[in-house]
Amino acid sequence: MPVFFALSGYFFKPVETLASYVGFILKKTVQLGIPYILYNVIHFVLQQIGGGAVHDKASFVDLIHIYKSPLSVSWFLYILWGIFVILGLLSLLIKDKKVMFGITLIMLVLVSLFPNNLMIIQRVGLWAPVFMLGSLLRDVSLKDNKSRLLILAVVIAAYLIAWYNFDFENRISYSNPGLWGIIFYISVIFAFMLFSIFPKGKCFDYFTKYGRDSLVIYILHAPIVSVSRIVLLKVGVTNVILHILIGLSAGWLGSIFILYLTKVIPYIDFVFYPTKYLKK
């Protein structure tokens, strides 16, 4: 998740005028809003089909309230839109990325010390610094850093050991992780460094090819994994390892297949790339 936000920040460009800001937000509202609504509807329908195999099933009221409380992993789109609104406006006044990063760190401190139940405020405050870190890394050369990469790998391993011993029963909160949230920044820097030194070849080209559609794959994988889990439970498969392996495989391959269909069937990709057609 941190890498997704950082990648979005990597491609973020400050807006120059109020008019361009309004256009920017309208574009992002359409670009993120249509996939957001689609995902929530599909997620709701699949949960109803899943019946008793689904935990924490969403109600129709929950679906109506997605304007403030996204279903499942769609919160990423919701918060990303909020970040664009806030940082786009901020970029009208401030062009220095380091200053903007500093302001987002202040936001992080505030939501950490004074957490609230409004997701759009709490999580924008939490994830905006990760977004800006990605923007900063765009201007930094990460090549020839194998020794630093190794150090970060050791730090991540030590972090996981500490987490296992102190708080393994709980997932790291995406709303208020406290000091555990330091891993978000470490993992982003590690991922960017790793990509910069990754050997160029078929494997590199394969993931680079699909990296262009990473947001679509992210949107698609969750419902596919949910369906695979429901099917496995329906046929009596309860082995956790099998659930993980089959879920990962189904999520990736299923997303790639649907992505392929969107490229060969005219206009079906509108739900993922609406602005592609609105420009015409």
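For the sequence shown, the residue numbers in our numbering are 223 to 502.
Think of the CB as a built atom: it goes at the ideal place given N, C-alpha and C, for glycine as much as any other residue.
According to the neighbour-count rule (16 or more other Cβ atoms, all chains shown, within 10 Å of its Cβ), is residue i buried or exposed?
{"i": "N262", "result": "buried"}
{"i": "Q270", "result": "exposed"}
{"i": "Y300", "result": "buried"}
{"i": "H287", "result": "exposed"}
{"i": "L229", "result": "buried"}
{"i": "A280", "result": "buried"}
{"i": "T326", "result": "buried"}
{"i": "G458", "result": "exposed"}
{"i": "F306", "result": "buried"}
{"i": "G400", "result": "exposed"}
{"i": "V438", "result": "buried"}
{"i": "I505", "result": "A question about residue 505 goes unanswered here, because the residues of the chain that appear run from 223 up to 502."}
{"i": "P207", "result": "This structure does not reach residue 207, given that the chain is present from 223 up to 502, and the question cannot be answered."}
{"i": "D427", "result": "exposed"}
{"i": "P292", "result": "buried"}
{"i": "S448", "result": "buried"}
{"i": "F266", "result": "buried"}
{"i": "S348", "result": "According to the sequence displayed, residue 348 carries Leu and not Ser. Buried is the call here."}
{"i": "F388", "result": "exposed"}
Just verifying my parser: in three-state terms, what is the DSSP assignment at residue i?
{"i": "D361", "result": "coil"}
{"i": "D318", "result": "coil"}
{"i": "K456", "result": "helix"}
{"i": "K498", "result": "helix"}
{"i": "I394", "result": "coil"}
{"i": "R434", "result": "coil"}
{"i": "T239", "result": "coil"}
{"i": "Y300", "result": "helix"}
{"i": "K249", "result": "helix"}
{"i": "I487", "result": "coil"}
{"i": "M415", "result": "helix"}
{"i": "A228", "result": "helix"}
{"i": "P337", "result": "coil"}
{"i": "F420", "result": "coil"}
{"i": "M223", "result": "coil"}
{"i": "L332", "result": "helix"}
{"i": "A280", "result": "coil"}
{"i": "S448", "result": "helix"}
{"i": "L293", "result": "coil"}
{"i": "N367", "result": "coil"}
{"i": "F233", "result": "coil"}
{"i": "P351", "result": "helix"}
Since residue i and residue j are thought to touch, with beta carbons under 8 Å apart, how far apart are those beta carbons, to the nearest angstrom?
{"i": "G476", "j": "I452", "result": "G476 to I452, Cβ: 14 Å. No contact."}
{"i": "Y440", "j": "I478", "result": "With a Cβ gap of about 13 Å, Y440 and I478 do not count as contacting."}
{"i": "A444", "j": "S294", "result": "6 Å"}
{"i": "F406", "j": "V333", "result": "With 8 Å as the limit, F406 and V333 do not qualify as a contact, their Cβ atoms being about 14 Å apart."}
{"i": "W297", "j": "L254", "result": "With a Cβ gap of about 12 Å, W297 and L254 do not count as contacting."}
{"i": "I419", "j": "L371", "result": "7 Å"}
{"i": "L359", "j": "F417", "result": "That pair is no contact at about 10 Å."}
{"i": "F246", "j": "V237", "result": "5 Å"}
{"i": "S409", "j": "R345", "result": "Not quite, the Cβ-Cβ distance comes to about 17 Å (not below 8 Å), so this is no contact."}
{"i": "K317", "j": "M354", "result": "About 13 Å separates the two Cβ atoms, so there is no contact after all."}
{"i": "P257", "j": "F494", "result": "6 Å"}
{"i": "L309", "j": "A350", "result": "6 Å"}
{"i": "I468", "j": "L454", "result": "7 Å"}
{"i": "Y232", "j": "S357", "result": "6 Å"}
{"i": "L240", "j": "L314", "result": "7 Å"}
{"i": "I378", "j": "F412", "result": "6 Å"}
Write down every uninterrupted run of the beta strand (DSSP E) in the segment 458–482 whose length is 3 residues or greater and which is fully enclosed by it, in chain order. none
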